[in-house]
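Novice:
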Amino acid sequence: MGEEDDPQRLKRIGAAAYDYENDPRWAGYWSNILIPPHMASRSDVVDHFKRKFYHRYIDPDYVVEPMVSSSSSQSRRPTASSSSIPNGQAGPRNSGSTARTSGSTTAAPNPSSLVSGRQKVQFVANAWVLMVAVLAIIPLIPTNLSNRAYRLSFMGSACSSLYSLYSLHGKPRAWNVHAVQGWFQSVIATKEFIYFIYCLTFVTSNLYLRFALIPILSGALEHVAKFLRRNFSHSSLYRKYLEEPCVWVESNTTTLNIFSSHAEIGLGFLLIISLFSWQRNIIQTFMYWQLLKLMYNVPVTAGYHQSVWSKIGRTVLPLVHRYAPFLNKPISAVQRWWLR
């Protein structure tokens, strides 16, 4: 009866039945998991990371239980040893181990409460970023206040991305070069790391490009809408004022991601144009184009960015071939660097 009432039961069934092989994100996710080869060939290890993938990309409310590989062998050892112990001694030892097990079970934290707490922190952070970013783009706001809100929105989004990065991937196992390098390789292709670097790029800049707030607004709006739908669906206030906007946001996440990709690529060209002004920043422009190159290659953003760049190529390259053929060699050199 308790198992039928368990909300995680249906989520476990959904996670087990999900078609991972036909989801292109799974291939990119699995390729960035750094584990020994003998572990990667084990089905229980693969299933564990599939459940983590399902929690991250499909259903954040699904609780992934920790993988205990030695639990079965540990559970068999007391049974084997108890068979060789006289009957008078077997009872007290088993009761003592049971007492210790029950004590450790009651002291263990509830994973669902931890997940709920993380989601609440993310909701508060993204709601704050959303309000401050809207304040920064309203044209009637005084310039001084608008510029401050502009920086605060990037700082808030950077903190939110960093917290999400720590919640999902933890910290390096040790503070040495090998451990930090392995941890860095496991997080560099994640959306949280990419947007953390994105926010740092603009929060330290002297340029106030309101255009750069579009990806921040899009991401914060998506997080807030999902949290409200999952936790306030029974509220009359939500159903009256917020249900339709939240449903629209959740059903148009692909459109928002494509729009954000257009904005991110457009920002790269705006930074190149800014090099001819007194506010130019060569280091920022170079770092941002390195970030765009990363977005073009990592699975979480590659589909959207490659689509936008394909449209740009189909529009620009015929014009270059026709009216400015002398640019063919520089463009070919840039393309080789970009795809390297």
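Numbering that gives the first Met the number 0 puts the first residue of the sequence shown at 0, with every later residue one more than the last. Even for Gly, the Cβ is constructed at its ideal location relative to N, Cα and C.
Measuring straight from C-alpha to C-alpha, what distance separates Gly116 and Asp60?
Specialist: By 1-based counting over the sequence shown, the position of residue 116 is 117. By 1-based counting over the sequence shown, the position of residue 60 is 61. Answer to the nearest angstrom: the Cα atoms are 11 angstroms apart.
Novice: Could you give the residue range of the alpha helix (DSSP H) that holds Pro298?
Specialist: In the sequence shown, the residue the question calls residue 298 occupies position 299. Pro298 -> alpha helix (DSSP H) spans Pro298 to Tyr322.
Novice: For Val351 and Ala219, which I take to be in contact (beta-carbon distance under 8 angstroms), what is that distance rounded to the nearest angstrom?
Specialist: Because residue 351 is not part of the residues shown, which for the chain are 0 to 339, the question remains open.
Novice: Under 8 angstroms by Cβ, that's how I've got Val202 and Phe153 pegged, so tell me the actual separation to the nearest angstrom.
Specialist: As a working note, residue 202 is residue 203 in the sequence shown. As a working note, residue 153 is residue 154 in the sequence shown. Rounded, the Cβ-Cβ distance is 4 angstroms, consistent with contact.
Novice: Do Phe195 and Val186 have their C-beta atoms within less than 7 angstroms of each other?
Specialist: Here residue 195 corresponds to residue number 196 of the sequence shown, with the count starting at 1. Here residue 186 corresponds to residue number 187 of the sequence shown, with the count starting at 1. Result no, Cβ atoms of Phe195 and Val186 do not sit closer than 7 angstroms.
Novice: Alpha carbon to alpha carbon, what distance is there between Ile57 and Ser136?
Specialist: For the purposes of this step, residue 136 is taken as residue 137 along the sequence shown, with counting starting at 1. For the purposes of this step, residue 57 is taken as residue 58 along the sequence shown, with counting starting at 1. Sequence check: residue 136 is Ile here, not Ser. Distance between the alpha carbons of Ile136 and Ile57 is about 32 angstroms.
Novice: Determine, using beta carbons only, whether Glu263 and Pro214 come nearer to each other than 7 angstroms.
Specialist: Your numbering for residue 263 matches position 264 in the sequence shown. Your numbering for residue 214 matches position 215 in the sequence shown. Yes; because the gap between Cβ atoms is below 7 angstroms, this pair is in contact.
Novice: Quick one: what does DSSP say Tyr17 is sitting in, helix, strand or coil?
Specialist: In the sequence shown, the residue the question calls residue 17 occupies position 18. Coil, per DSSP.
Novice: Would you be able to state if there are at least three C-beta pairs under 8 angstroms between the stretch 46-57 and the stretch 20-35?
Specialist: Short answer: they touch.
Novice: Cα separation between Leu338 and Asn146?
Specialist: Here residue 338 corresponds to residue number 339 of the sequence shown, with the count starting at 1. Here residue 146 corresponds to residue number 147 of the sequence shown, with the count starting at 1. Approximately 36 angstroms between the Cα atoms of the pair.
Novice: Determine the DSSP secondary structure at Arg339, reduced to helix, strand or coil.
Specialist: Counting from 1 along the sequence shown, the entry for residue 339 is found at position 340. If DSSP states are grouped into helix, strand and coil, Arg339 belongs with coil.
Novice: Please report the distance separating the alpha-carbon of His261 from that of Met130.
Specialist: Here residue 261 is taken as the residue at index 262 of the sequence shown, counted from 1. Here residue 130 is taken as the residue at index 131 of the sequence shown, counted from 1. Taking the straight line joining both Cα atoms gives about 23 angstroms.
Novice: If contacts are defined as beta-carbon pairs under 8 angstroms, then Tyr237 and Leu227 qualify, I think. What distance do you get, rounded to the angstrom?
Specialist: Indexing the sequence shown from 1 puts residue 237 at position 238. Indexing the sequence shown from 1 puts residue 227 at position 228. Yes, they are in contact, since the Cβ atoms of Tyr237 and Leu227 sit about 6 angstroms apart, within 8 angstroms.
Novice: Distance check for Gln305 and Val299, CA to CA, integer angstroms please.
Specialist: Within the sequence shown, numbered from 1, the residue matching residue 299 stands at position 300. Within the sequence shown, numbered from 1, the residue matching residue 305 stands at position 306. Answer to the nearest angstrom: the Cα atoms are 12 angstroms apart.
Novice: Which residue marks the beginning of the alpha helix (DSSP H) containing Met154, and which one marks its end?
Specialist: One-based indexing of the sequence shown puts residue 154 at position 155. Counting along the chain, the alpha helix (DSSP H) containing Met154 begins and ends at Thr142 to His168.
Novice: Just to confirm before moving on: does the CB-CB distance between Gln289 and Asn205 stay below 7 angstroms?
Specialist: Numbered from 1 along the sequence shown, position 290 holds the residue referred to as residue 289. Numbered from 1 along the sequence shown, position 206 holds the residue referred to as residue 205. Contact: no.
Novice: Quick one: Cα of Thr253 to Cα of Lys170, how far?
Specialist: Here residue 253 refers to the residue found at position 254 when the sequence shown is read from its first residue. Here residue 170 refers to the residue found at position 171 when the sequence shown is read from its first residue. The straight-line gap from Cα to Cα measures roughly 31 angstroms.
Novice: Roughly how many angstroms separate the alpha carbons of Leu199 and Ala188, rounded to a whole number?
Specialist: Numbered from its first residue, the sequence shown carries residue 199 at position 200. Numbered from its first residue, the sequence shown carries residue 188 at position 189. Taking the straight line from one Cα to the other gives about 17 angstroms.
Novice: Under DSSP, the alpha helix (DSSP H) around His47 begins and ends at which residues?
Specialist: For the purposes of this step, residue 47 is taken as the residue at position 48 of the sequence shown. Ser42 to Phe52 is the extent of the alpha helix (DSSP H) around His47.
Novice: How many angstroms separate the CA atom of Asn256 from the CA atom of Glu20?
Specialist: What you label residue 256 is simply residue 257 of the sequence shown in a count that begins at 1. What you label residue 20 is simply residue 21 of the sequence shown in a count that begins at 1. Approximately 23 angstroms, taken between the alpha carbons.
Novice: Compute the distance between the beta-carbons of Ser217 and Ser259, then report whether it is under 7 angstroms.
Specialist: What you label residue 217 is simply residue 218 of the sequence shown in a count that begins at 1. What you label residue 259 is simply residue 260 of the sequence shown in a count that begins at 1. Less than 7 angstroms separates the beta-carbon of Ser217 from that of Ser259.
Novice: Just to confirm, are Leu326 and Val333 a CB contact at a threshold of 7 angstroms?
Specialist: Residue 326 sits at position 327 when you count from the first residue of the sequence shown. Residue 333 sits at position 334 when you count from the first residue of the sequence shown. With respect to the 7 angstroms criterion, Leu326 and Val333 are not classified as neighbours on the basis of their beta carbons.
Novice: So for Val62, helix, strand or coil by DSSP?
Specialist: Here residue 62 refers to the residue found at position 63 when the sequence shown is read from its first residue. Coil at Val62, not helix or strand.
Novice: What are the boundary residues of the alpha helix (DSSP H) that Ser185 is part of?
Specialist: The residue you call residue 185 lines up with position 186 of the sequence shown. Val176 to Val186 is the span of the alpha helix (DSSP H), which, as asked, contains Ser185.
Novice: I need the straight-line Cα distance from Tyr322 to Arg313, nearest angstrom please.
Specialist: As a working note, residue 322 is residue 323 in the sequence shown. As a working note, residue 313 is residue 314 in the sequence shown. Their backbone Cα atoms lie some 15 angstroms apart in a straight line.
Novice: Hey, does His320 have any beta-carbon neighbour from chain C nearer than 7 angstroms?
Specialist: Note that chain C does not occur in the displayed structure, where there is just one protein chain.
Novice: Are the CB atoms of Ala207 and Tyr149 nearer to each other than 7 angstroms?
Specialist: Position 208 of the sequence shown, counted from the first residue, corresponds to residue 207. Position 150 of the sequence shown, counted from the first residue, corresponds to residue 149. In the sequence on display, residue 207 carries Tyr and not Ala. In contact: Tyr207 and Tyr149 (Cβ atoms closer than 7 angstroms).
Novice: Spatial neighbours of Ser42 within its chain, please: C-beta separation below 7 angstroms, excluding the five flanking residues on both sides.
Specialist: Position 43 of the sequence shown, counted from the first residue, corresponds to residue 42. The answer is none, since no qualifying residue turns up.
Novice: Tell me which residues share the same chain as Glu168 and place their Cβ nearer than 6 angstroms to its Cβ, disregarding the 5 neighbours each side in the sequence.
Specialist: As a working mapping, residue 168 is identified with position 169 in the sequence shown. Here residue 168 turns out to be His, not Glu, going by the sequence shown. Within the same chain, His168 has close Cβ partners Val186.
Novice: On the DSSP letters alone, give me the boundaries of the alpha helix (DSSP H) that His233 sits inside.
Specialist: Along the sequence shown, read from residue 1 onward, the residue named residue 233 stands at position 234. From DSSP, His233 is part of no alpha helix (DSSP H); its letter is neither H nor E.
Novice: Quick check on DSSP: helix, strand or coil for Tyr295?
Specialist: Residue mapping note: residue 295 aligns to position 296 of the sequence shown, counting from 1. Helix at Tyr295.
Novice: Is the separation between the beta-carbon of Val62 and that of Gln7 shorter than 7 angstroms?
Specialist: Taking the first residue of the sequence shown as position 1, residue 62 is located at position 63. Taking the first residue of the sequence shown as position 1, residue 7 is located at position 8. Contact flag set, yes.
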